[in-house]
Structures are given as C-alpha cells and as structure tokens.
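Each residue of the sequence shown is one higher than the one before, starting from 6 at the first, in UniProt numbering. Ideal Cβ positions, reconstructed from N, Cα and C, are used throughout, including at glycine.
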Amino acid sequence: LAERLQGTLTKIRGKGKVSEQDVKEMMREVRLALLEADVNFKVVKQFIASVREKALGQEVMKSLTPGQQVIKVVNEELTALMGGEQSKIAVSSKSPTVVMMVGLQGAGKTTTTAKLANHLRKNHNRKPLLVAADIYRPAAIKQLETLGKQLNMPVFNLGDQVSPVEIAKQAIDKAKEDHHDYVIIDTAGRLHVDEELMQELQQVKEIASPDEILLVVDAMTGQDAVNVAESFNEQLDVTGVVLTKLDGDTRGGAAISVKAVTNTPIKFAGMGEKIDQLEPFHPERMASRILGMGDVLSLIEKAQTNIDEEKAKQLEKKMRTMDFTFEDFLEQLDQVRNMGPLDELLNMMPGMNKKGMKDLQVDEKQVGKVEAIVRSMTTKEKQEPSIINASRRRRIAKGSGTSIQDVNRLLKQFEDMKKMMKQMTNMSSGKGKKKGKG
Ligand code: GDP
Ligand code: MG
6 LAERLQGTLT
16 KIRGKGKVSE
26 QDVKEMMREV
36 RLALLEADVN
46 FKVVKQFIAS
56 VREKALGQEV
66 MKSLTPGQQV
76 IKVVNEELTA
86 LMGGEQSKIA
96 VSSKSPTVVM
106 MVGLQGAGKT
116 TTTAKLANHL
126 RKNHNRKPLL
136 VAADIYRPAA
146 IKQLETLGKQ
156 LNMPVFNLGD
166 QVSPVEIAKQ
176 AIDKAKEDHH
186 DYVIIDTAGR
196 LHVDEELMQE
206 LQQVKEIASP
216 DEILLVVDAM
226 TGQDAVNVAE
236 SFNEQLDVTG
246 VVLTKLDGDT
256 RGGAAISVKA
266 VTNTPIKFAG
276 MGEKIDQLEP
286 FHPERMASRI
296 LGMGDVLSLI
306 EKAQTNIDEE
316 KAKQLEKKMR
326 TMDFTFEDFL
336 EQLDQVRNMG
346 PLDELLNMMP
356 GMNKKGMKDL
366 QVDEKQVGKV
376 EAIVRSMTTK
386 EKQEPSIINA
396 SRRRRIAKGS
406 GTSIQDVNRL
416 LKQFEDMKKM
426 MKQMTNMSSG
436 KGKKKGKG
C-alpha cells in the first residue's frame, strides 16, 4: 500500500486543494490495498464512502499537502474503525477481577494467559492467579504450569478429571483466600466453533461471572478470524479481543474487520511467542502499519505542539527569502530536539525507512559537533556566514574543539541546506508547482 499511495501522492503533490479526482484516485488504491489485506468487503465499502465524504469536505490544512491530507483522513477513519482510543483491560471494583480467555485451538489462549499475567504484574503491579481449565487438550495443563514456573507465578490446577466449571469455582475461592487481585482462566478450544464447547464456556461464564471475556484470535487467519469472532460474540458476549501473531506476515486486515463486525474492542496484540511479547493494542499504530507509512500522525502532532506557529511562519519566510541564518538554525535545532531524539523523528517520517533512506542515520554526536561550531560563531557571523573567512574559520574551529575541515564542511552543508529548504518550502506550500514535472 505504501508504494501505491506514494505513487499517487507524487502525482498530486503541490496542488493547492484536494480535487474530487485526486480523492477518487487515492481511494481506489486504498480500497485495493484493504481488500488485499483481507478486510471484509462490506467494511471496505463503508469505509471508502465515509473517507471520500470527509476528505472532500475538508479544507486543506496549511501544514499538509492535499495528498497528506487525504492520508490523514484515511488514517483517522481507520483508527476510528478499529476503536479509536486504546481500550484497557477491565478492573473490578471488588477483588479479584476475573478474566476468562476463550478462542479456537491454537489461537494462543494459553500463551496469552501467561503473557497477560506478566503484563499485569509488570505494568500494573498486580498479583494474578493463573487457572488451568483446559482439561481436554493433552499437555495443556502442563503448558500453563511451565509458563507459570517461568514467571514464578502460581497456577491453579485440579488435573484433568474435574470439570472446568468446578475448576473455575474453586480457583476464584482460592484467589480470594490468597489475595490475588486477578484470576485468569485458560479455557479449552476446538478446531471449529461447536455447540458443546460453547455450552461449557457458558457454564464457566455463569459460575465465574468474569469481568472480562477475552476472545483470542489468530490474526493470520484473516477473514476466518472475523467469522470466529462473530460466533463467539453471539454466544458469550465477549468484552474484548486479543489479536495474536501480529508479528507474522499478516497485513492486519483481521484487526479492522473484527472490531467493525463485532463491535468489540481489540485490547491486546500478541507480537511473538515470548512471554513479554504482548502489547496493548493501539488502533492508531495499527492504522499506520496497515497504511505502511510510519507514524505520520504522531509526527504531525508532535510538530504541531512543539513548534511555535508564529516562529514557524517567520522561519518559513526566511527560508524562502534565503535569510535563514545560523541563529535560526540553532533555534530550530532546539525545537527539533524538544520533539524527541532525531533518529526517532526521522523514523516516523513516511518513506524514511524505505528507498535506501534507512542508511541515513542521525548521529547525535555529529549534531553536537555542529552545535558547538555554531555556538563558537559571533553574532555577526551567525547572521552573515559569508563573512567567515579563513582566519575566522580557524578561530571557530579552535573555539569549538573541532577542525577547520569540520567548519568548512558545515558551512558548505549550510549553504546546501538552505537551497534544499528553499525547494522544500516551495513544494509543500504549493508554490513550486511549476518547477515539478508532475
Ligand atoms: P491455545 O491452543 O489457544 O492455547 O494456543 P497456544 O497458547 O498453545 O498457542 C499456540 C501456538 O501459537 C504456540 O506455538 C504459541 O507459541 C503460538 N503463539 C501464541 N501467540 C503468539 C504470537 O503472538 N506470535 C507468535 N508468533 N506465536 C504465537
Ligand atoms: Mg491452550
């Protein structure tokens, strides 16, 4: 999708406003990409319609090109489709909070039970009790026991001769006795949804009255995942979904459809087999991942909150008129610093980790050197770099603890940068349209 969109983007870059044709073109690509990612076609259809409407109705923000604007809308809508906000795990007002894990065989219930316990202890300072209630799958109990040992956490286990309902009941009593604040019940799954399984799960639900029923779904199964989610939800009223195996080669289509079809929030994402590879699910990040464009929105937001708008405007003007000085440069360096580590920022920019750009690594040390050089300049020199002759260069190098070559290089780079910035400003403000061959 990233490449597709970028192609379309290049075409409409530099335009002053979003035309119907632009949106249409982009929407075609988005639609194809979503279908390719195995998103339910009904969901895709609705989605496209709402994005088209929103994208066309909007004024183009000053800071964005029309292409970016459309992407922004797509991203926002995708995020909304996946639940918008990050959805947290339930906490009961009276301890213990009971969590019941359900799902098909192999989805990752047992693994996720352990991962979740680890997460709750590590990040929320909780004391969970793991409950082995899958009495059917050979070795399921042993699997949980092993994970419990690895975590150094107790596992409640009555063997495979006691019914899951009884296990759940006794486990909760035990949890109260031992002051556990979470009980996580690992239940059995089947290869397919069947009546018998659902009945048993309903009985467990009745006795345990869980605060949270987490449906564990394998993201690799795409459309099937959605059907599974639908039937489990009908029978059990699940309160949240855990999407596992998102580390695999999946495009994330399941993530979009599951929420849209079942209206149940995705709460966690499994990112690998290891016990610490469970993450709270962030709709926004998933949207960006699906769009393959890096964390564009976070970047935009960061830029918006950190760069003083007035200053940014002045700066833009200066850059266009070639007045940009080393003083401005220092100021800008500080602003960029406030936004976070440079390499992190670069990584968030679309296209930065593609097309060989990943070789472009920002060396903070190098930046420090540059800063030292600039700070060794006099005010006059900063404002008017052209006066920096050989003897001034020598003085600056000495003052900054660098070499004359370093100073020469920076002065040269600064000139180049000014030129580049000029081009960039023209491009993004739409004024350089005639220059581009679009
Ligand atoms: P259950 O039958 O639902 O209890 O599934 P298990 O917890 O036994 O997991 C089935 C398989 O999926 C195991 O080999 C797990 O290691 C693997 N698995 C679970 N979650 C993830 C995940 O997020 N990523 C990857 N790569 N593998 C996972
Ligand atoms: Mg299991």
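E30 and L37 have their C-alpha atoms spaced approximately 11 Å apart. Taking the CA atoms as reference points, E200 sits about 37 Å from N128. For I218, the enclosing beta strand (DSSP E) begins and ends at E217 to D223. For K279, the three-state secondary structure derived from DSSP is coil. For L335, same chain residues with a beta-carbon under 8 Å away, outside a window of 5 residues either side, are E376, V379, R380 and K387 in chain order.
In its chain, beyond the 5 residues on either side, R195 have a beta carbon closer than 6 Å to the beta carbon of L202. Relative to the non-hydrogen atoms of the ligand GDP, the Cβ of K250 comes within a distance shorter than 7 Å of at least one.
The bridge partners DSSP lists for V160 are L135. I401 is the residue among I401, K385, P390 and N268 whose C-alpha sits nearest the C-alpha of K374. Here the region 163-177 makes no contact with the region 71-86; the two share fewer than three CB pairs at distances below 8 Å. Scanning L125, S100, E205 and M87 for the CA closest to the CA of D139 turns up E205.
If you check the CB distance, T192 and K114 come in under 8 Å.
For R142, the shortest separation between its Cβ and any heavy atom of the ligand MG lies below 7 Å.
Around the beta-carbon of T383, fewer than 16 other beta-carbon atoms lie within 10 Å, marking it exposed. Note that the C-beta distance between A122 and T249 is not below 8 Å. Exclusion of the five residues before and after F419 leaves F331, F334 and P390 as the residues of its chain whose Cβ lies within less than 8 Å of its Cβ.
If the five residues before and after K132 are omitted, its C-beta is found closer than 8 Å to the C-beta atoms of R126, H184, H185, D186 and Y187, all from its own chain and listed in chain order. If you compare the alpha carbons of N394, L61 and F273 with that of V221, the shortest gap goes to F273. In the pairwise beta carbon analysis, the region 220-237 is classified as not touching the region 280-289: fewer than three pairs are separated by under 8 Å.
Taking 8 Å as the cut-off, the beta carbon of V103 is found closer than this to the beta carbon of S214.
Here F161 is buried. Its C-beta has 16 or more other C-beta atoms within 10 Å.
Cβ atoms of R398 and N413 come within 8 Å of each other, at about 7 Å. The alpha-carbon of A259 is positioned some 16 Å away from that of L219. F273 sits in a strand when the DSSP states are folded into three classes. Between V246 and the set S396, T117 and K423, the nearest pair of CA atoms involves T117. Within the chosen limit of 7 Å, the ligand GDP does not reach the beta carbon of T151 with any heavy atom.
In this model, M158 and A292 are separated by some 35 Å (Cα to Cα). The beta carbon of G227 lies closer than 8 Å to those of D43, T255, G258 and A259 in the same chain, with the five residues before and after it left out. Along the region 161-235, the beta strand (DSSP E) occurs as fully enclosed runs of 3 or more residues at 187-192 and 217-223, listed in sequence order.
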